[in-house]
Every structure is written in C-alpha cells, then in structure tokens.
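Participant: What follows is a structure written as structure tokens; I'll ask about it next.
Protein chains: 2
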Amino acid sequence: MTAVADSGFPPWHREPPPPGSWRALFQWGDPDRSQPPAPAMVRLVMDLLAMSETDFQTPRRLGLGPVRLAPPRLAHTARRDLEAMLGAGNVQSDDFARLAAATGKGMLDLLRLRCGLPGPTPDAVLHPRDRHDLVRIVEYCARGGIAVLPRGGATSVTRALECPAGGVALDLRTHMDRILRFNETSATVTVQPGIRGPRLEAALNRAPDWLGAAHPHTCGHFPQSFEFSTVGGWVATRGAGQNSSYFGKIEDLVLAQEFVTPAGTIRTLEHPAAATGPDIDQILLGSEGTLGVLAEATLRVFRLPRAGPRCFSYLFPDWGEALEAAREVLQDGAGAPSLFRLSDPAETEAALARHGLRRPALDAFLGRLGLHPGRRCLLLGWTEGEAGFQRNLRRRIGRICRGRGAVPATGWPGKAWARSRFQEPYLRDHLLDFGVLVDTLECAASWDGLARVHRAVQDRCRARPGTACLAHVSHAYPQGASLYFVLLARLDTIPEYQAFQAGLLDVIRDQGAAMSHHHGIGRMAAPWLAAQLGPVQMDLLRAIKRQLDPQGIMNPGGTLGLD
Amino acid sequence: MTAVADSGFPPWHREPPPPGSWRALFQWGDPDRSQPPAPAMVRLVMDLLAMSETDFQTPRRLGLGPVRLAPPRLAHTARRDLEAMLGAGNVQSDDFARLAAATGKGMLDLLRLRCGLPGPTPDAVLHPRDRHDLVRIVEYCARGGIAVLPRGGATSVTRALECPAGGVALDLRTHMDRILRFNETSATVTVQPGIRGPRLEAALNRAPDWLGAAHPHTCGHFPQSFEFSTVGGWVATRGAGQNSSYFGKIEDLVLAQEFVTPAGTIRTLEHPAAATGPDIDQILLGSEGTLGVLAEATLRVFRLPRAGPRCFSYLFPDWGEALEAAREVLQDGAGAPSLFRLSDPAETEAALARHGLRRPALDAFLGRLGLHPGRRCLLLGWTEGEAGFQRNLRRRIGRICRGRGAVPATGWPGKAWARSRFQEPYLRDHLLDFGVLVDTLECAASWDGLARVHRAVQDRCRARPGTACLAHVSHAYPQGASLYFVLLARLDTIPEYQAFQAGLLDVIRDQGAAMSHHHGIGRMAAPWLAAQLGPVQMDLLRAIKRQLDPQGIMNPGGTLGLD
C-alpha cells in the first residue's frame, strides 16, 4: 500500500488536455488548477471499493483525440440571417463549440465524451449581445421552428443542455455578463444572465470602490459550480448555494426578472412582497430554458457585516442524534447558520481518512468520548450576519449539539472545507481515468422522512458490489433538509451507469423525497418528476409551456417532461 | 367640545342589529363586542375632517330593515341534485345567507348594504362536508356551467366575493374547519380551509395537551381579520399577518396544498425546498378562488419559545430618519422583528391624541428632545423567537434608532396596540352612521420608492376637502416595505367613494408600487393590476385559468382580471 505515496503511482494523466479534444470538453474547470487526488484519497477509494494497485495501472479512455461531429443541419439561409442579425463573429458552428454548448458535467456527459459518442448538439452557437438580440433570435427561431437552448456555465448534471432537435444554443457569457444596476438603498443588484459567480461577488464585495456604495455586499449564493456557473444558470435550475440555509435558495434571492419568451417579453416588478395573484417569478424560475431566456435578473443582496463568517464543528456519537440536533438547531428560533453540513458515518470516516486523521491513538481518544468509527458523524457549519446574531446562534448551536452528546471539533474542519470547497470536482476526471466513477445525486425530504430516505439510498448502493455511498445533509430548513449523496463505483460503461442511476432515482421517488433540491431536473429526472407530480400538475406545466412557447422551440426534447 | 365627553353625544346606535337585517350583515364582528369610538377618537375625527357637533346629530342609513333579494335563479333540478349530493341541510337559499356569502367588509360592500342595494349574490350557499364533496360539487357545476365561489370568513375588502354570474357559494367554515394532522418533527400542521385563526392558534399554543406535542407552537399568522378569517382565505388572497416580518407571509407559510379544480385535484408535496421546475404552490396561492378550491393546506408552524414576544418603541424626529432606521434594521443581518409598525407624522399625532397624550406639557418635554408635533413618528414593534436572538435584535434596533435621533418610548405603545389589535374595525360602522368613512388601502414598495409613494398618496388625499390620510409601514423586508393607509373622509355616497378610491389606485399604480401587499386584488384593483402586469403576463395567467377551469366556473366575473 505504501506505493500509493509514490509520486509515480497511480500514473495520473497530468498533461493539460489537447485543444479541441474530447478531454478539453469533459475535464472540470481550469486545466492549470487540476490536481490529481492525494495519496490518502486514493487509499480511501481503494478501501471503499475493494480495489488493488492493479486496478490503477493504466489510465484509459482519456479522450485525447479531436472532437468530430456530424455536420450541422442548419439551413444556409438561416445561418446567413443569424449572421446578419448578430454579426458573423457571433455565430459559431465548429464541432468543438457546438459540442461544448450541449455538454454538461453530468456523469453521462463524461462517459459519452470519453467514448467519443457525443450527445445531441446544436447546429450553431450564438453569442447574443444584448436583450434586443435575445428578442430577435427568439422571434426568428419561433417563425422558423428552430430550437433554442440558452446555456450558462454548462455545469449542469441533469442532461439539461442536450439538443435533440438541433437548433441554436445561446452562449450568454460572451457579451451578456454585466452588472446593470446596483441599488444599495433597496439592497438589490440587476445583472445580465451570463455573469459568473466570482465576477458578481467581487463587484459586490468591493461595492464601495466599484459600485459607489457605502458598504461591501455579498450575493450569498455559492454553489459548488460557483467559479463557472452563471446567474442565468442559477435561476434556470432553482439552484442553491452552499450557504443557502442563511441566505436562501436562488428562488428566494430573485426579486424580479426580464424574461424573453416566444409569446413576448415578461418584466416582473421589483416589489419586496405582494398579494397580486399567482407569482409569475416562481413560474419562470426553474423552467430550465423551456419557457424562454432570462435577459435580466434583479437579485437581493446582503450587506457584508464587519464580522466575517465564523466556523463551528461538532462530532456526534451517531447519525440519529446528529439529525435530531440539526433539526433542533433549525427549529430553535435563533436564526439559521449559513453553511450547515452534516456528514453521515460513511462520509465522516472518509473525511477523516482523507485528512490523515484515522489513527489508532486518535480513534482511542475519541472512543473514550463515545465517538466510535463507523458511527460518529461530523457537523460543520458557518454562521453569517451581524456579530451579536452570530455569537448567539453559535452559543445555541453548541448547547443543542452538546445536549445530543456531541463534542466540539474546533473550527478546523470548517476552514479545511472552505479551502477545498470548489476543488472537489477536479478529482472526478482523474479517478474516472481508472474506471472509478464519482457521481452525485441529491434530493430533499422533511425531517420525519430524512433518515428513511438516507437508509433506502444506502441500502440500494450496498446491494451493488464495488459501490460506496457517502452522504451529508447539505441545506437545512425548519421543515426538513436536502440529502446529498456522493456515489463511488467501479463502473465505466454507459448502460451500467444508467441502470445504477435509475435505480437510485426510483428509490428517491418511492420514498416521496423531492427529485431534486438544487441540481434541477433536466432530461435526467424528468420521467420520475412527471410520475411524482401526476397528470393534473404536468398538464398545467404543459399549458404554461404552450402559452409562452406555442411552437415548442425552447429547449425541446424532454426537459422537465414538458414534451 | 366638552359635550363630546357626554355619554349622550354622539347619539351612537348601540343596539345589536336586528336578525336578518342589512346591518347584521355589514356590522363588523361580534355584536356583543361592538363599542362606539371613545370621546378622544371622536374629537380627533372632528379635528381631522373639520367637523362640528352638528355633523354628529343624527345617525343615518342604519340598515335596520330586513334583507330582501330577487329570487335565486338556480334551476329546480340543480337544487335537487345538490341537496341529494350534500343533504338538504347543506344547501341554503334564503336571502340573508345568499347575501352574506357574497358580501365582504370593503367600503363598497358597506355603502351598498346601507343603501339596501345588494351586490350580485349566489343562488345558493353550499356547506361541503369534506374534500369528496368539493370534488363532486366542482365536477357537477363544471358540467352544468354553474359558477362556484369558495368563501372563507368573508372579511375581503376587495370585492372578491361578488357573484355576478350567480351560482353557488361554498361556506367552508361549517364542516371543513378541522386540524387533520400535526407533525411536530417536521414542524407542520395540515388543516381544512374553513378553520379560523383563533381555533388554529389555540390548538397550536396548547399542542402539548391537545395535539400530543412536546412543545407549544404558533401559526405566526395574525391578520387584523384573525378572529373571523380562515386559512383558506389567507391562502386565497396571499395575506400577511401583523407579525409577518418575522414569520413570513402566508405564501412563505404554505408548504403543500390539496386543491380541487375543474381539471382535477392537485396535491403538492411537502418538501422543505425543491428544484423541480415551476413552483405550483405559488401558482395556486393568491388565485382568489379563480382556479379552484383549497381542500387542505399544510402550513409551517413555529415552536413558541419560553420567552414570549417583547415590545419596543421609539419616537423619531421625522419620517425620513425613521424610514432610514427601519431600512437599516431590516438590512442589519441580526434577523427581523415580528411586528414592525412605523407610523407617519399624521398617524403618530392621531395615536397620541387617541390616547390623550397631546398635552402641552408633554409636547414641550418632547420638543426639547427634538420631537415636534406634526413631524415626529412612532415606531412600535415586537421581537419574537429564542430569547438571546430577541435580546440581541432589540439591542441592535435600539442602537440603529438612537443613531437616527430616536428616543425610546417604552414598551407601553406596543402593549396598548396589542390590546386593541383586533378592535379597530369595530369603529368603522359607528362613524359611518354619521357619514364618516374610514377606509384602508395598502401597497408595497422598495425602500428607494417608499417615501415617494407615501407622499403621492398623501398629496392626493390633501387635495380632497374633508379628507385625512394616516399611514404606517406595516410589514418590512430588506428590500422594502408595505405602506398601509387609513383614509378618513366625509363621504357616504357610492359614486363619490368609487371616484375617491380609483384616484388613489391610480396613484399607487403610477408610482410603480405593488397594487396590494396583503389584501389581494379581487374585482376592486383588477383593472389596475392588469395594466401593471401587461398583456404577456395577463395572457399567461389566463392560460393557467383556462387549463384548470376550462368552463370558467370558478369565481367568474373579473377577479384578478382573468375574464
């Protein structure tokens, strides 16, 4: 086992992907920041999946060859019209651009690209310059029956970006990535949909310098895809940031929208609250490109208090007590922590192992505190907001946790997590090079059903050889929480993967949990969602679709089960 | 002026309304608790509207005669079918019951009834026994093209209850007023729509005894109509309780619904949060009876902390500083107060006068603190939640208010307000007996527009002789607040009233404020809402209506501008 520590083992593929290659498409993030897993991580994976060094001899299906697609089917006249509308430089139809626009970061996307089997792509990628371009494109495509797919950072893991009807993808990041208005008095920012997380957050953090504000602010929304995903993507999927227990999900953060549909443009009003009939924002939010294109979003923002966020962490003797404590914290009436991440025993052991903390002496010491390997659970969190509010909340959390037998585990786990919060996805590709799949799935359940959902998913994974399931509560509310599953499996063929995932989605549906808490539905979970909602609700959603998109051009082909 | 103190002046009409009379319909609340205004109140009204004792000589249009309507138009066969379906005792068609079902507590309702001019009524009032009855009624009426109007406590002030197409009104209070499930683990209660506020709240407060819970709870929703309005009415209108700044509006409190529509029954799922496409709950919420009938609602509930709510109050030197302080409190990051009621100078003087506090010595004392009559503003509020959270929040509020020149005004105003919180509506009828109209109107605006909206409404009122406008911020958010206007006017004819109200609705729309924050839209503000939303949004709402109610039987005739 010592060989793992050797720099030559496993023989990681460390070169940046060749430009234009399949790998350049599926490899996560910034190639310069891609780091193979640390030795402790490899040992952990080998332990969990009962693998040996032999399994890590030769990386395979690296996808280093150039992307090749069938030629686009867009009519010559359509291409010419679009070039006349947007400028030739804003209409792309090379293979790489087309496939990039239609490829998310779900495991199916990754497996397909590694096999050189691209999913359905658009015929062209357009780069609209402003809202007027959006209106023109949507009108033109509606007339011509050309499918339109708005795309954000393409970090979707739900097959929301596939283009089974071809058509055009809209890359909103190129020109529509600006902050349009910052209103400090009413604590809002209005942005274009293509702006990415870091740019928005940097501007808000430096609002006194950059936006002429009296106070620095934050957007409060930090999904794991933060560095690459866009506001438009957050809104389209009903995403959640890792700190949403305090700040709210994106549907809580959107105050108003300008939204271009084939039936016309909707501009909702920037009211703090209203009693003016059905909430149209909440119809458009989460519509995953099936109803129209977001042209502008006005988001609530938060003043950054002088006291930055503070970490806390506790180790619990078991999962049941930990869940009870989590529930009590959220129902206590002292406010919500921002990050609130409670790992199950499997994930807790994995986290300790990764950080080299599974040592006999430490285990013995923790054992004397009632914290035994395989049962103990790690809670880590942050508080946010005004300093006195944070102090009181941490005091209450401590009291509740200790009342459930937990032991404080210092601020270190929270800080370690913060350092690596956006790094995790980089590990997936390196492991998949050796046939180790690392996938995620998430759902939401009420407190009285949470342990049952967790157990059912775990049981399903245990029943499959060479499979491990690590889980945590990732976002918590007074009524329940989301469960986030990290799935490790020796598995690298598409049919095996599809069967594995379908089985887990069956479990989630059968348990009555929400089919997604923040990833969205896409084409992946659409059949399960349709079954859960039933015909009356599905028909209502389809009527909304017909009204706003009568020609059915907006992201057609199964997203949300609408066609 | 001393005559006012005399028990014989004004010659209030103190007798309980004769059974079956117009007055029995329009007089607010419990006849045994009806108290005429105190002498200080009468003096205040006389001052505000430049009235003299002569104006209070003779009460008029008391509506003591019996209600008489044109006979119902429901076909004999339909009546027989409904009786067979529900039992004869659950089908009423006497004049009083029919008019009661179609009459809210808006000023137009009151003026009409006083004139013996009933608005449009249903042909029968049905008392469904359970959800199966609701399904049967809706199916039957859809087949027969019979209009259906679900009603709650009939405290609507927006003309939502009129029945221009006749048909049947559903009184859900008679049999469908039960608590179905209480889930302490997930902090929810599931109720039938006809349950009234006090019954729900009493059961939750006594949850340890009545519902087998470990802790007492609260529903957190206390509209001024609390004693009479129903959960179904709260949900249908997107209402807000007086303490909603902490607990949330009803759309934040509804977790799931069972909702019977002509197209079938919708049951939304009890998920704490989800990313599963458009939010169907938020389509049904606020639909004001136009899409279907609520059969069950699952509401979030809150643990009652040992520390009860605590009052605070401050007097500010002027409205501008007070609004700034209110904004800072909500944006501070220390959590929100529950009650947060900031009176403008006019309302502040009225409140002081009503409580006999406009005395030269007190004015001189306050003047030395910079608090001058006609400029000073009263803020009163409560904190709610865990004791330490409350303590910290009150400390922060104090700091912010004092930083804006405010002076603490003790807990007395908050307690005095609490004592009379549900009493105010009782005064209206007594004053209207003497031709003094006391009406209310409310809207919501962002912080950067709030002062402008307030000024515009005030200016409009000032331009009308014999009119006064008292206003307060009634519910506050980080992005803005609602403005609640109490309008006093010498005015008792219907056309005068309609012109007056239309002028104010014009102002609210022109200022870009939300047409309602918590009263809803009804038929009253529908034309203004339609103008504000524009054709694309209105067409979307109409498409939703068509899908769920293709025959157009649900509350037809202009509510929300849908037909």
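Chains G and X are the protein sequences, given in the same order.
If you're matching positions, the first sequence starts at 2 in the numbering used here and goes up one per residue.
If you're matching positions, the second sequence starts at 2 in the numbering used here and goes up one per residue.
Just so you know, even glycine gets a beta-carbon here, dropped at the ideal spot from N, CA and C.
(1) Would you say X/THR3 reaches chain G, if we count a Cβ-Cβ gap shorter than 7 Å as a contact?
(2) Under DSSP, the alpha helix (DSSP H) around X/ALA457 begins and ends at which residues?
(3) Helix, strand or coil for X/MET2? Go by DSSP, reduced to three states.
(4) Can you tell me whether DSSP reads G/CYS220 as helix, strand or coil?
(5) If you scan the stretch 474–550 of chain G from start to end, which runs of the beta strand (DSSP E) of 3 or more residues do you find wholly inside it?
(6) Specify whether the stretch 250–259 of chain G and the stretch 292–299 of chain G touch according to this definition: at least 3 beta carbon pairs, one from each stretch, less than 8 Å apart.
(7) For chain X, is any of its Cβ atoms less than 7 Å away from the one on G/GLN538?
(8) Spell out a yes or no on whether the stretch 272–292 of chain G and the stretch 204–212 of chain G are touching, meaning 3 or more CB-CB pairs, one atom from each, closer than 8 Å.
(9) Select from the stretch 269–280 of chain X all residues with a C-beta closer than 9 Å to any C-beta belonging to chain G, and list them in chain order.
(10) Quick one: what's G/PRO151 bridged to in DSSP?
(11) Can you list, in chain order, the residues of its chain whose CB lies under 7 Å from that of X/SER517, leaving out five sequence neighbours each side?
(12) Please state if the CB of G/LEU471 and the CB of G/GLU348 are separated by a distance shorter than 7 Å.
(13) Go through its chain and collect everything with a Cβ distance to X/SER314's Cβ below 8 Å, but skip five positions before and after it.
(14) Do we get a CB-CB distance below 7 Å when we pair G/ALA445 with the residues of chain X?
(15) Look at the alpha carbon of X/ARG461 and the alpha carbon of X/LEU505, and state the distance between them as a whole number of angstroms.
(16) Whose Cβ in chain G lies nearer than 8 Å to the Cβ of X/ILE572?
(17) Would you mind sorting G/HIS16 into buried or exposed? The rule is 16 or more other CB atoms within 10 Å of its CB.
(18) In chain G, what lies closer than 8 Å to X/LYS106 by C-beta?
(19) Is there a C-beta anywhere in chain G that falls below 7 Å from the one on X/HIS519?
(20) Quick one: grab the DSSP three-state call for X/ASP273.
(21) Can you list the residues of chain G that X/ARG301 reaches, using a CB-CB cut of under 8 Å?
(22) Please identify the residue among X/ASP564, X/ILE522, X/ILE554, X/ARG179 whose C-alpha is closest to the C-alpha of X/GLY240.
(23) Just to confirm my understanding: we take X/MET86, look at its own chain, exclude 5 residues before and 5 after, and list those with CB closer than 6 Å. What are they?
(24) Within this structure, are the beta carbons of X/ALA98 and X/VAL126 separated by less than 7 Å?
(25) Using three-state DSSP, classify X/CYS470 as helix, strand or coil.
(26) Closer than 8 Å is the cut-off here; do at least three beta carbon pairs connect the stretch 319–332 of chain G with the stretch 364–380 of chain G?
(27) With a CB to CB cut of under 6 Å and the five nearest residues on each side skipped, what residues in its chain are close to X/TRP529?
(28) Counting Cβ pairs, one atom from each stretch, are 3 or more of them under 8 Å apart for the stretch 349–365 of chain G and the stretch 36–46 of chain G?
(29) Name the residues in the stretch 489–514 of chain X whose C-beta lies less than 9 Å from a C-beta of chain G; which are they?
(30) Among X/ASP493, X/GLN459, X/PRO224, whose alpha-carbon lies nearest the alpha-carbon of X/HIS519?
(31) What residues of chain X sit near G/ASP449, judged by a beta carbon separation below 7 Å?
(32) Kindly give me the distance between the Cβ atoms of G/GLY88 and G/THR156, rounded to whole angstroms, as I take these residues to be in contact under 8 Å.
(33) Taking DSSP's pairing of strands, which residues face G/GLU259 in a bridge?
(34) Taking the beta carbon of G/ARG328 as the centre, do at least 16 other beta carbons fall within 10 Å, making it buried, or is it exposed?
(35) Using DSSP with H/G/I as helix, E/B as strand and the rest coil, what is G/GLN332?
(36) Is there a Cβ from chain G that is less than 7 Å from the Cβ of X/ARG400?
Facilitator: Let me spell this out:
(1) What you label residue 3 of chain X is simply residue 2 of the second sequence in a count that begins at 1. With a pLDDT of 40 at X/THR3, under the threshold of 50, the modelled position of that residue is not reliable, and the figure given next carries that caveat. Answer no: the Cβ-Cβ gap between X/THR3 and chain G never drops below 7 Å.
(2) Against the second sequence, residue 457 of chain X aligns to sequence position 456. From DSSP, the alpha helix (DSSP H) with X/ALA457 extends over 448–463.
(3) The sequence position of residue 2 of chain X within the second sequence is 1, counting from 1. Summary for X/MET2: the model assigns pLDDT 38, below 50, so the residue's position carries little reliability; its value from the coordinates is reported in the next sentence. If DSSP states are grouped into helix, strand and coil, X/MET2 belongs with coil.
(4) Numbered from its first residue, the first sequence carries residue 220 of chain G at position 219. Residue state, collapsed to three classes: coil.
(5) As far as the stretch 474–550 of chain G is concerned, its whole beta strand (DSSP E) runs of at least 3 residues are 481–491.
(6) The stretch 250–259 of chain G vs the stretch 292–299 of chain G: in contact.
(7) Reading the first sequence from its first residue, position 537 is the one you call residue 538 of chain G. Chain X, which has a Cβ nearer than 7 Å to the Cβ of G/GLN538, makes this yes.
(8) Segments in contact, no.
(9) The residues in question are THR269, LEU270, GLU271, HIS272, PRO273, ALA274, ALA275, ALA276, THR277, GLY278, PRO279, ASP280.
(10) As a position in the first sequence, residue 151 of chain G is number 150, starting the count at 1. G/PRO151 is bridged to G/LEU171.
(11) Here residue 517 of chain X is taken as the residue at index 516 of the second sequence, counted from 1. Excluding residues within five positions, the ones whose Cβ falls inside 7 Å are GLU443, CYS444, ALA526.
(12) By one-based count along the first sequence, residue 348 of chain G stands at place 347. By one-based count along the first sequence, residue 471 of chain G stands at place 470. The Cβ atoms of G/GLU348 and G/LEU471 sit closer than 7 Å to each other.
(13) Along the second sequence, read from residue 1 onward, the residue named residue 314 of chain X stands at position 313. Once the five neighbours on either side are set aside, the close Cβ partners of X/SER314 are LEU379, LEU380, LEU381, GLY382, PRO409, ALA410, THR411, GLY412, TRP413, PRO414, GLY415.
(14) Within the first sequence, the letter at position 444 stands for residue 445 of chain G. Against chain X, the CB of G/ALA445 has a partner CB under 7 Å away; the residue lies at that interface.
(15) Here the question's residue 461 of chain X lines up with position 460 in the second sequence. Here the question's residue 505 of chain X lines up with position 504 in the second sequence. Whole-angstrom Cα-Cα distance: 7 Å.
(16) Because chain X spans 2 through 564 in this model, residue 572 of chain X falls outside it and cannot be assessed.
(17) Working through the first sequence from its first residue, we reach residue 16 of chain G at position 15. Residue identity check: residue 16 of chain G is Glu in the sequence provided, not His. So G/GLU16 ends up on the exposed side.
(18) Position 105 of the second sequence, counted from the start, is the residue given in the question as residue 106 of chain X. Chain order gives no chain G residues near X/LYS106, where near means a beta carbon separation below 8 Å; the closest approach is about 16 Å.
(19) To locate residue 519 of chain X, count along the second sequence from 1; it is residue 518. True, the Cβ-Cβ gap to chain G drops below 7 Å.
(20) Looking up residue 273 of chain X in the second sequence gives position 272. Checking the displayed sequence, the identity of residue 273 of chain X turns out to be Pro instead of Asp. The answer is coil: DSSP assigns X/PRO273 none of H, G, I, E or B.
(21) For the purposes of this step, residue 301 of chain X is taken as residue 300 along the second sequence, with counting starting at 1. Within chain G, the residues near X/ARG301 are PRO479, GLN480.
(22) The residue labelled residue 240 of chain X in the question sits at position 239 within the second sequence. The residue with the shortest Cα to Cα distance from X/GLY240 is X/ILE522.
(23) Locating residue 86 of chain X in the second sequence gives position 85, where the first residue counts as 1. Listed in chain order, the non-local C-beta contacts of X/MET86 below 6 Å within the same chain comprise ARG137, local neighbours out to five positions each way being set aside.
(24) Within the second sequence, residue 98 of chain X is the residue found at index 97, counting from 1. Within the second sequence, residue 126 of chain X is the residue found at index 125, counting from 1. Yes, these two residues count as a Cβ contact at 7 Å.
(25) To locate residue 470 of chain X, count along the second sequence from 1; it is residue 469. X/CYS470 falls in the strand class under three-state DSSP.
(26) Contact annotation: the stretch 319–332 of chain G touches the stretch 364–380 of chain G, with at least three C-beta pairs closer than 8 Å.
(27) For the purposes of this step, residue 529 of chain X is taken as the residue at position 528 of the second sequence. Around X/TRP529: LEU506, ARG510, MET516.
(28) By the C-beta criterion, the stretch 349–365 of chain G is judged to be in contact with the stretch 36–46 of chain G, since at least 3 inter-stretch pairs fall below 8 Å.
(29) Within the stretch 489–514 of chain X, the qualifying residues are GLY513, ALA514.
(30) Along the second sequence, one-based indexing puts residue 519 of chain X at 518. Among X/ASP493, X/GLN459, X/PRO224, the Cα nearest to that of X/HIS519 belongs to X/PRO224.
(31) Position 448 of the first sequence, counted from the start, is the residue given in the question as residue 449 of chain G. Here the neighbours are ASN184, THR186, SER187.
(32) Position 87 of the first sequence holds residue 88 of chain G. Position 155 of the first sequence holds residue 156 of chain G. G/GLY88 to G/THR156, Cβ: 28 Å. No contact.
(33) As a working note, residue 259 of chain G is residue 258 in the first sequence. According to DSSP, G/GLU259 bridges with G/ARG268, G/GLU297.
(34) Here residue 328 of chain G refers to the residue found at position 327 of the first sequence. Looking at its Cβ environment, which holds 16 or more other Cβ atoms inside 10 Å, G/ARG328 is buried.
(35) Here residue 332 of chain G refers to the residue found at position 331 when the first sequence is read from its first residue. Under the three-state reduction of DSSP output, G/GLN332 falls in the helix class.
(36) Against the second sequence, residue 400 of chain X aligns to sequence position 399. Under the Cβ criterion of 7 Å, X/ARG400 is not counted among the residues facing chain G.
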